[in-house]
Amino acid sequence: MRVALQVTCINDALFPDTGKAMVTLLRRLGVDVEFPAGQTCCGQPMVNTGYLDEAVPALRSFVDAFGGYDAIVTPSGSCAGSARHQHQIVARRSGDAGLVAAVEKTAPRVFELTEFLVDQLGVTDVGASFPHAVTYHPTCHSLRMLGVGDRPRMLLEQVRGLRLVDLPAAEECCGFGGTFAMKNADTSIAMGSDKARHVRETGAEILVAGDNSCLMHIGGLLSRQRSGVRTMHLAEILASTEAAPPTVAPLSVEPVETRGLAL
Amino acid sequence: MRVALQVTCINDALFPDTGKAMVTLLRRLGVDVEFPAGQTCCGQPMVNTGYLDEAVPALRSFVDAFGGYDAIVTPSGSCAGSARHQHQIVARRSGDAGLVAAVEKTAPRVFELTEFLVDQLGVTDVGASFPHAVTYHPTCHSLRMLGVGDRPRMLLEQVRGLRLVDLPAAEECCGFGGTFAMKNADTSIAMGSDKARHVRETGAEILVAGDNSCLMHIGGLLSRQRSGVRTMHLAEILASTEAAPPTVAPLSVEPVETRGLAL
Amino acid sequence: MTATFVGMPPFPTAARAALEDTQLRHNLAHATGTIRDKRARVVAEVEDWEDLRTAGAAIKDATLANLEQHLVQLEARLLEQGAVVHWARDAAEANRIVAGIAKSHAVDEVVKVKSMVTQEIGLNEALALEGIAAWETDLAELIVQLGDDLPSHILVPAIHRNRAEIRQIFLERMAAAGRPAPTDLTDDPAELASTARLHLREKFLRARMAVSGANFAVAETGTLVVVESEGNGRMCLTLPEVLVSVVGIEKVVPTFADLDVFLRLLPRSSTGERMNPYTSTWTGVTPGDGPQEVHVVLLDNGRTRALADEVGRQALRCIRCSACLNVCPVYERVGGHAYGSVYPGPIGAILNPLMHGVGEDAQTDSLPYASSLCGACYEVCPVKIDIPSVLVDLRAQVVDAHRGGVPPVTHLAEAVAMKGVAATFGSSRRLGFAERLVRLGTGVAQRLPVATPWTNARDVPKGPPESFRAWWKRTDGGRR
Amino acid sequence: MTATFVGMPPFPTAARAALEDTQLRHNLAHATGTIRDKRARVVAEVEDWEDLRTAGAAIKDATLANLEQHLVQLEARLLEQGAVVHWARDAAEANRIVAGIAKSHAVDEVVKVKSMVTQEIGLNEALALEGIAAWETDLAELIVQLGDDLPSHILVPAIHRNRAEIRQIFLERMAAAGRPAPTDLTDDPAELASTARLHLREKFLRARMAVSGANFAVAETGTLVVVESEGNGRMCLTLPEVLVSVVGIEKVVPTFADLDVFLRLLPRSSTGERMNPYTSTWTGVTPGDGPQEVHVVLLDNGRTRALADEVGRQALRCIRCSACLNVCPVYERVGGHAYGSVYPGPIGAILNPLMHGVGEDAQTDSLPYASSLCGACYEVCPVKIDIPSVLVDLRAQVVDAHRGGVPPVTHLAEAVAMKGVAATFGSSRRLGFAERLVRLGTGVAQRLPVATPWTNARDVPKGPPESFRAWWKRTDGGRR
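Residue numbers (the working numbering), protein chains in the order written: chain V, 1 to 263; chain Z, 264 to 526; chain Y, 527 to 1006; chain U, 1007 to 1486.
Set out below in structure tokens:
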């Protein structure tokens, strides 16, 4: 089985540690994962903002990069959802029959990480160790678009030393929503603040989820509030072992240079 | 009994509605409160930052303005605490025996609003109406420096229509602390965020306290988080009646002008 | 004594103001939370709930696919039963018809129930211009009307008000509208309700004409159906001499068997009750019983436009249960007014653009973006409207509407950005270059206006020293 | 295998880093919350708690007022009982004395307990330079030492570590320090404790010399007192041949009756226990029982400097209970390392500047500002140290120390601002003018660097259209 990593554009540029964790984790499970260098983005940012024509080049890159693989694994419920549910819409609108045919092949082969581990590899104990209190936020697209259900929890429950704390109102959206966070910044912040508040209520050290975009939003609020709670992608926790715990890379607080000035 | 309003510098400049509410409330209770125009500041900002000499001019203004009064009422536990506990220290250091003597007269005549209402006027039902869910934060200086105890609660419980909700960890500092909020901004925010979180947990519409400085800090965080919870000074709630409810003046959210630009 | 949604600002602006309304936020959080939990409980009781949703969607789809045939059948049955049937293409036509009926009977007031569709067409304002007072009789609608206010929820239009305010509104405004409130009125809920009851009772007994909407219209029998909780609807529908019902053309269902599915779906989805308290049905005129003159105004007003939309037409399945509002995290925080329409929430965010068309006013064009696309609405919709997919499709329509023309500045910037993004994502080589720029730029980004909405409340992650792509290349995928 | 507080950055910088340490934040919140509640419960049981606090403060004050006399008495009694008494003015002297004793016995290792004061003077590092290993035997201190780490709490020095980390530290570091940890060690607390026990037992049996601190020194009898929870202290104090106790001169209490007050105040304030598990007392040498050579090093190291401070001298009452740490909202969030001293928290924020003096290094000068002056520390202090007042006085000392000289830029800006503020608040006319400027400036303020720490996470209130002062003048106090 030829397996490709779809690292996603946001992870490639901003969260490379998640991509590295995917490689570490999959190799440990015996999967010789490849990284097709031609990949760019699933096109979702354009599609969800209404720019469907502008998503076509991304889509062409996608099918070119991943066309030959049996499975395409991605550390993002949102990007997996985009590939499975939106690619065909964009392809049809483009009027390119070749693209429609190519998408028909790639779309069903895209798996979100937990789907791939539990359904394709049939594994829930991935040999991870992470001795911390953790709470899990099911991102909307993995929860409702993909229906990953209990898979993340099944995986987390097998991690040595990890204490999983229930997140209140877990299934409520964090308010990121891609361009929603920009176009409706105030509402997005109101939603995110409530999510951050619920995370704080758990007393957990780490908020984990399957999408770094949502985590960037919630983590940005937690950091701005100096909450002492950090966010981590599920892949990084599953990749963590006693011998190789994750390097701590909290969301950076931009230093404020003008302290000391009174009143 | 000649009664003077010490409005405090922060209320004078930033929260004049609190001063007006003091006037409304005290007049309704038959107190012909005066506003000595010579007043400036109690000097606490300088004292608590370590600038004791610089507090002397403020102190002179204070005793000049309030020297002739039987009672000096202030809508700030912190400023009352400063007058009662710090003025003598500053006066002694100045080496001015006249100032020491003057402070000896004014200091014990300074009352925080709830002390004045409950102890001096002997009233807990001030005829107020405020049909909202409210939670009360006891500011550190009113709680520990003055020991106002149950007085605010006794007053709030008599307000028609008001539903008083308990604030978790109420007695923990909000993290303002005057220049602390600037000199130790990160820790201050961490403390304030927890306070804001506890406020949100109550489900109350309004956070009330006896010090606008603390409220500015907590309210600034609540507003930044688009929490939908507003802060109000206790005086404004006690001044509110059915016929004259308070004008709603939430902490302004500075409009963000660059929305609509994608990604 | 009427307010209007006309001229509302675009959603983000209206939302910003709503987010600061502490009482609205408090009431919304409480109300939506309560109804949401109630709905979840009673829906869980129904074993074949998913099948029921599928059946509801299928019936509506089949009906909409042959809408003309069902409407013609409905008209025929209504005529047979002594009703007068009117067809209205738009709001103006519908208002003209209703005003004409009122004037022909020389009434200067009408009582109203199930008023959402008449709010859609601005009937009260139109009647007022003709000197006819229209009195809302649903308790919440009455509060909204007396308060010179706008509804903020499909089911609970006065969700943004508290008891003390309602008391104040009754004390100050009831006298001008009929029987005054007692001067010693308190804010005790039972007292407020009985005051409204006495006030309304007088209006019911006096009014000679009623105007209603309808939840359903059964084509095979010509029967209109109104479901409600207070009984005031039944008063409205039975006491006056003349009854005019304004009915959106999507309300038709073929048979009573079909109706059964919706009477099971609606109350559980709407109020979280197993069954709604009052279900009134009437089939034209029944001699000697109820209104002896019955009119039905079949209203298009943008519905055929929505029907022509391949993706969006599913929105016409909507049975106005408000389940999507109660689960919507956006609605929960901003309330109904921000949507600038009598149809708020997720369903409003698609229904309004579908009925009005996009590309014409900024307010309508802002609605498809008033969602984080979380999908909670789709999950609870009793007729399985895939609201997120419709929203995305409408966003494309908004963008397409502005292609070629001269877009507003913000759209221009966005469009230019998107073109750049499209080019970048078309080539992994270009992407690698762009990523290096991004890393250079994260520090700078906080100072640029583009970052403001983000950094206003959130910290931005520092760009990593190296992209994944660069790491993979440098280390041969971690192998060296 | 030692770390040092030397060269720590000023508090705000250290705090910023600590605030991002998720595990520290988690452990601190949990631990301080737990101990705080426990303390509150057991203190509430004691009816005369306030009298007890007053008594404790009075005894310490009286003793400090005649400190020399009590120390001389203590020395006399110790000599009578066969102990050797040394006086050390500073850390270097104390370290030289201890190293000298060790060398005179040709030992290359010592066991230690109650090590706070020896951490203050850097004894372990000094002994290491002489080729002498110093082994901590308090479990938490052992973890800190093996982990090449610093204590972060007076009572729970390893509060920032978790079980898995402790297991890792034991596995990796124990072997180099003595008996290795079993290779199949798990992170089960009982297993970790028994591993430490076996490791330490070997050291106790091998060591010929011990170094301790003391909680109290009773002048009337020459008795030293150590209170602890593990029993390791008693091993240390009784097994070796030579015992050297380094005792701060403020530890002296006149009589056993006085000691009684503190033995009641300490455990409830410290661990929230009614009584501490192990109280060891020894009076010089007891022939044939315990160490046959007993040294006591009476240490000043800044204590007389603190004693000379009229406001600050009350800090010398401190009995190191850590109650002020556990209630401090600042400590709860940043932990002990940020204070850059073995004495962290509110007491550290005054004790360090009092012992070192201010105006010399930025780290010490930052400590008096590491508090919001909330007063919770004063409320729980068993010897009623008015920490907030001392903090304010120390702030004045910091400011005064920089008057005249060339202050650093930030101080300069602050000093200039304060002079301006002083002038403004000296005149209500000038204040009125300044307020108008403030209102003009609030919009601008957000763009200026001065506002950054504030607006980083908080919204700023808009300046009102009119100050209270202006309103009063315009309306004659609302009368017109």
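Every residue gets a Cβ at the ideal spot worked out from N, C-alpha and C, and that includes glycine.
If you're wondering where the values come from, they're calculated on a predicted model, not measured in any experiment.
task = Have a look at Gly1184 of chain U and Asp1155 of chain U and give me their C-alpha separation to the nearest angstrom.
result = 18 Å
query = Under a CB-based cut-off of 7 Å, is Ser193 of chain V close to chain Z?
reply = yes
request  = Step through the CB atoms of chain Z and report whether any lies within less than 7 Å of the CB of Arg1339 of chain U.
outcome  = Under the 7 Å criterion on CB atoms, Arg1339 of chain U is classed as interfacial with respect to chain Z.
task = In angstroms with no decimal places, state the Cα-to-Cα distance between Val856 of chain Y and Met154 of chain V.
result = 31 Å
ask   = Where Arg955 of chain Y and Leu920 of chain Y are concerned, what is the direct C-alpha to C-alpha distance, given to the nearest angstrom?
value = 32 Å
ask   = Helix, strand or coil: which one does DSSP assign to Phe1222 of chain U?
value = strand
ask   = Would the stretch 1200-1213 of chain U and the stretch 1096-1112 of chain U be scored as touching if the rule is three or more Cβ pairs under 8 Å?
value = In this structure the stretch 1200-1213 of chain U does not touch the stretch 1096-1112 of chain U; the number of beta carbon pairs closer than 8 Å is below three.
message = For a quick check, are the C-beta atoms of Ser223 of chain V and Asp835 of chain Y less than 7 Å apart?
response = Not a contact, by the Cβ cut-off of 7 Å.
ask   = From Val1250 of chain U to Leu1034 of chain U, what distance separates their C-alpha atoms?
value = So the alpha carbons of these two residues sit roughly 33 Å apart.
query = Ordered along the chain, which non-local residues of its own chain (more than five positions away) have a Cβ less than 6 Å from that of Pro1015 of chain U?
reply = none
inquiry  = Quick check: is the beta carbon of Pro16 of chain V nearer than 7 Å to any beta carbon in chain Y?
reply    = Under the 7 Å criterion on CB atoms, Pro16 of chain V is classed as interfacial with respect to chain Y.
task = Count the CB pairs spanning the stretch 177-187 of chain V and the stretch 95-115 of chain V that are closer than 8 Å, and state whether there are at least three.
result = These segments do not touch.
ask   = What residue does the beta strand (DSSP E) around Phe1268 of chain U start on, and which one ends it?
value = No beta strand (DSSP E) contains Phe1268 of chain U, which is instead part of the alpha helix (DSSP H) from Phe1262 to Ser1276.
message = Against chain Z, with Cβ distances strictly below 7 Å, would Ala495 of chain Y count as a contact?
response = What is shown of chain Y runs 527 to 1006, which leaves residue 495 of chain Y out entirely.
key: DSSP beta-bridge partners of Trp808 of chain Y   = Y:Leu750
key: Assigned secondary structure, Ser1110 of chain U (DSSP; H/G/I helix, E/B strand, else coil)   = helix
task = Give a yes or no on whether the C-beta atoms belonging to Arg608 of chain Y and Gly810 of chain Y are separated by under 7 Å.
result = Correcting the residue identity first, residue 608 of chain Y is Gly in this sequence and not Arg. Yes. Within cutoff.
task = Could you tell me if His596 of chain Y is buried or exposed, where buried requires 16 or more neighbouring beta carbons within 10 angstroms of its beta carbon?
result = buried
query = Going by other Cβ atoms of all chains shown within 10 Å of its Cβ, with 16 needed for buried, is Gly191 of chain V buried or exposed?
reply = The sequence shown places Met at residue 191 of chain V, not Gly. Looking at its Cβ environment, which holds 16 or more other Cβ atoms inside 10 Å, Met191 of chain V is buried.
task = Look at the Cβ atom of Ala235 of chain V, then the Cβ atom of Ala21 of chain V, and state whether they are nearer than 7 Å.
result = It is a contact, given that the beta carbons lie within the stated cut-off.
ask   = Taking DSSP as the reference, what is the three-state secondary structure of Asn447 of chain Z?
value = DSSP, read as helix, strand or coil, puts Asn447 of chain Z in coil.
task = Rounded to whole angstroms, what's the CA-CA distance from Glu1178 of chain U to Ile206 of chain V? Just pull it up for me.
result = 26 Å
query = Do you know whose CA, among U:Val1405, U:Arg1095 and U:Pro1260, lies nearest Lys1425 of chain U's CA?
reply = U:Val1405
ask   = Going along chain U, which residues have a C-beta under 7 Å from Val229 of chain V?
value = Thr1028
task = Using a Cβ cut-off of 7 Å (strictly closer), state whether Arg265 of chain Z contacts chain U.
result = no
ask   = Hey, is Ala370 of chain Z's beta-carbon within less than 7 Å of any beta-carbon in chain U?
value = no
inquiry  = Between Y:Val768, Y:Val598, Y:Ala745 and Y:Asp714, which has its C-alpha nearest Arg732 of chain Y's C-alpha?
reply    = Y:Val768
ask   = Which ranges would you report for the alpha helix (DSSP H) in the stretch 375-455 of chain Z if only whole runs of at least 4 residues count?
value = 414-420 and 443-446
request  = Anything in chain U within Cβ reach of Gly340 of chain Z, meaning under 8 Å, just list it in chain order.
outcome  = Within chain U, no C-beta atom comes nearer than 8 Å to that of Gly340 of chain Z; the closest sits roughly 11 Å away.
key: 7 Å CB neighbourhood of Ala91 of chain V in its chain, flanking five on each side removed   = Leu59, Leu99, Val100 and Val103
key: Interface partners of Arg527 of chain Z on chain Y, CB under 7 Å   = With chain Z running from 264 to 526 in the structure shown, residue 527 of chain Z is simply not present.
ask   = At what residues does the alpha helix (DSSP H) containing Gly559 of chain Y begin and finish?
value = Thr548 to Ala570
Nearest candidate by alpha-carbon position, reference Val148 of chain V, set V:Ser78, V:Met182, V:Leu238 and V:Leu215 = V:Ser78
Extent of the continuous alpha helix (DSSP H) run through Ala1202 of chain U = Pro1195 to Arg1212
message = Taking 7 Å as the limit between beta carbons, can you name the residues of its chain near Trp1055 of chain U, skipping five residues before and five after?
response = Result list for Trp1055 of chain U: Val1049, in chain order.
request  = Output the distance between the C-alpha atoms of Gln1452 of chain U and Ala1402 of chain U, rounded to the nearest integer angstrom.
outcome  = For Gln1452 of chain U, the predicted model reports a pLDDT of 42, less than 50, meaning its position is unreliable; a value from the coordinates is still stated below. If I take the Cα positions, the gap works out to 30 Å.
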